[in-house]
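Below is one structure, written out as structure tokens; comments come after it.
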Amino acid sequence: MASIDVSCTNAPPLRAARSSVRTWLFAVAVLIFVMVLIGGATRLTESGLSITQWKPVTGVIPPLSVADWQAEFDRYKQIPQFALLNRDMTIEGFKTIFWWEWSHRLMARIVGAAFVLPALWFWTRGELKGALGRQVAVATGLLALEPIVGWWMVSSGLNERTEVAQERLALHLMIAAATFAALIYAGVGFSERTRASVPRGFVGCAAAFAVLVWLQLGLGALVAGLRAGLIYDNWPLMGARFIPGEAFGSLRSPFDDPATAQFDHRMIAYAIVAFALVQAFVALRAAPPALTQRAALIAGVAALQAGLGVATLIFAVPVALALAHQATALVLLGLAVWHWRATLMERAGELSALRELPSSVPEMGRG
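Below, the structure is given as structure tokens:
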């Protein structure tokens, strides 16, 4: 009996299955992108403490009657934010902030369902193995941690504070961004990459740049949590100085002091733009075309992001502009992770996951 080429007979269904995995990874990344933007709007409208209970299942149902709304409003009246900041709020005003927080939590539930249910399906079919399985496991752990940290963040503003703790806000955002990045990293692994003459050090630089952008997202959350964007609304100086006089007054200044937080956020922004421009310049001189194009695109988006940050500051943090700034930051992170994974694959000559056969496919020999 003649041997049968298993790779040829199984390639079409395998490619279809792997294409479904790739689509799922990128789709969940898009949902996380939307969830983060809704979370940003929730923070900017100071709506995050409007729901004072954590009900993972029944909380999906909003108040449906006048009595339900009044009960929800009465619970909000018991926290310091209402007593100290919003004592004149009406129930109609409360509904506005409630819907922002409810929408954010609803989107988190949608993300969870969109990730977990297909993941179980692909896992039972043996599609999540090897490196891909490990990458999905990392994303699973991060996604499981995110709602726990989210409630830990909300709880910090229910007893003594009028807002959530800024370091918890930063951690909450960084976990969401890390999940987004992990999904992008795994999804890019399905693209076709041929071995290229990638200059030494480019993979490490690409990884370092992605990490730097991720850290900058956390610093941005500290700025938001401290309302640091509402001070020193001039640029390039902060007031009349490059470094404000009250900055770095203590070891906790980067976490607790608005002036320090804004200064740090500015400095890292400069570093990101400089890094991106140098990377693009070096790539133009020595790297293959695909890498050069990616580096040039990243440099352009990094410059746009910095410009949006300056504009957000000068115009006193309008919601629309602040959300555009946050959205562009996530786009930059996604591009940075894409560049990192693609560069790694090109240097290693790594095959696309679409071309890998699962170990469960039996070998057929001669009869």
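Numbering-wise, this note's numbering comes out as the position in the sequence shown, counting from 1, plus 3.
All C-beta atoms in this analysis are idealised placements derived from N, C-alpha and C, irrespective of residue type, glycine included.
For residue i, count the other beta carbons within 10 Å of its own beta carbon; 16 or more makes it buried, fewer makes it exposed. Which is it?
| i | result |
| --- | --- |
| Phe318 | exposed |
| Met38 | buried |
| Val3 | With the chain represented from 4 up to 370, any question about residue 3 goes unanswered, as that position is not in the structure. |
| Ala184 | buried |
| Glu170 | buried |
| Met4 | Only weak support is given to the placement of Met4: the predicted model assigns it a pLDDT of 43, under 50, and the question is left unresolved by the model. |
| Arg350 | buried |
| Gly252 | exposed |
| Trp126 | exposed |
| Trp2 | Any question about residue 2 goes unanswered here, given that the chain covers just 4 to 370. |
| Thr346 | buried |
| Glu75 | buried |
| Ile151 | exposed |
| Asn162 | exposed |
| Glu366 | Unreliable positioning characterises Glu366 in this predicted model, as indicated by a pLDDT of 38, which lies under 50. The coordinate reading is nonetheless provided below. So Glu366 counts as exposed. |
| Gly248 | exposed |
| Arg255 | exposed |
Give me, in chain order, the residues of the same chain whose beta-carbon lies closer than 7 Å to that of residue i; leave out the 5 immediate sequence neighbours on both sides.
| i | result |
| --- | --- |
| Val226 | Gly232, Ala264, Gln265, His268 |
| Ser23 | none |
| Leu316 | Gly232, Asp236, Trp238 |
| Val334 | Val304 |
| Gly42 | His107 |
| Arg358 | In this prediction, Arg358 scores a pLDDT of 49, lower than 50, which makes its location untrustworthy; the coordinate-derived value is nonetheless stated afterwards. None. |
| Ala63 | Looking at the sequence shown, residue 63 is not Ala but Val. Here the set comprises Leu109, Arg112. |
Using DSSP with H/G/I as helix, E/B as strand and the rest coil, what is residue i?
| i | result |
| --- | --- |
| Met241 | strand |
| Leu176 | helix |
| Pro59 | coil |
| Arg350 | helix |
| Tyr188 | helix |
| Ser23 | helix |
| Ser256 | helix |
| Met156 | helix |
| Phe318 | coil |
| Glu249 | coil |
| Thr3 | Absent from the model: residue 3. The displayed extent of the chain is 4 to 370, so no value can be given. |
| Ala86 | helix |
| Phe193 | coil |
| Ser31 | For the sequence presented, residue 31 should be read as Val rather than Ser. Helix. |
| Pro230 | In the sequence as displayed, the identity of residue 230 is Arg instead of Pro. In the structure shown, Arg230 sits in coil (DSSP, three-state: anything other than H, G, I, E or B). |
| Thr48 | coil |
| Met110 | helix |
| Asp236 | coil |
| Ala5 | Caution is warranted here: a pLDDT of 44 is assigned to Ala5, below 50, making its placement in the model unreliable, and the coordinate value is therefore given only provisionally. Note: Ala5 maps to coil in three-state DSSP. |
| Met367 | Confidence at Met367 is low in this model, with a pLDDT of 37, below 50, so its placement is unreliable and no value can be given for it. |
| Arg203 | coil |
| Ile64 | coil |
| Thr99 | helix |
| Val334 | helix |
| Gln81 | coil |
| Val119 | helix |
| Arg164 | coil |
| Ala299 | helix |
| Ala74 | helix |
From the options, pick the residue whose C-alpha is nearest to that of residue i; which is it?
| i | options | result |
| --- | --- | --- |
| Glu149 | Gly160, Thr165, Ala181, Ile82 | Ala181 |
| Glu104 | Ala168, Val157, Ser22 | Val157 |
| Val304 | Glu75, Gln329, His175 | Gln329 |
| His175 | Asn162, Arg46, Thr331, Tyr188 | Arg46 |
| Arg112 | Ala140, Leu146, Arg128, Trp126 | Leu146 |
| Ala224 | Ala302, Thr26, Leu40 | Leu40 |
| Ile301 | Ala116, Ala213, Gly192, Gly312 | Ala213 |
| Leu222 | Asp260, Phe245, Ser194, Ile246 | Asp260 |
| Pro321 | Val31, Ala44, Leu28, Leu34 | Ala44 |
| Leu28 | Pro257, Val285, Val191, Leu229 | Val191 |
| Gly207 | Val33, Met348, Leu220 | Met348 |
| Gly77 | Val60, Val141, Lys98 | Per the sequence shown, the amino acid found at residue 77 is Asp instead of Gly. The shortest C-alpha separation from Asp77 is found at Lys98. |
| Ser200 | Ile82, Ala286, Asn89 | Ala286 |
| Val118 | Leu87, Thr26, Arg297 | In the sequence under discussion, the amino acid at residue 118 is Phe, which differs from the Val named in the question. Minimum Cα distance to Phe118 is reached at Thr26. |
| Lys132 | Ala116, Arg21, Phe284 | Arg21 |
| Leu240 | Ala32, Ala283, Ala173, Val313 | Val313 |
| Val281 | Ala116, Ala306, Val33, Pro257 | Ala306 |
| Trp102 | Ala290, Ile82, Gln296, Pro66 | Pro66 |
| Ala209 | Thr93, Gln308, Phe284, Arg344 | Arg344 |
| Ala179 | Thr143, Arg203, Leu135, Ser194 | Thr143 |
| Ile94 | Leu87, Arg203, Tyr79, Phe258 | Tyr79 |
What does a CB cutoff of less than 8 Å around residue i pick up in its chain, not counting 5 residues either side in sequence?
| i | result |
| --- | --- |
| Trp406 | The requested residue 406 is not part of the displayed model; the chain covers only 4 to 370. |
| Leu215 | Ile271, Ala274, Ile275, Phe278 |
| Leu311 | Leu324, Ala327, His328, Thr331 |
Return the chain-ordered list of same chain residues with a C-beta closer than 6 Å to the C-beta of residue i, the five sequence neighbours on each side being excluded.
| i | result |
| --- | --- |
| Gly242 | Tyr235 |
| Gln84 | Leu52, Thr165 |
| Ile100 | Ser50, Ser53 |
| Val340 | Ala184, Ile187, Tyr188, Ala213 |
Using 7 Å as the cut-off, classify the Cβ of residue i as near or not near the heavy atoms of the ligand NAP, replying yes or no.
| i | result |
| --- | --- |
| His328 | As far as ligands go, the structure on display features none, and thus does not contain the ligand NAP. |
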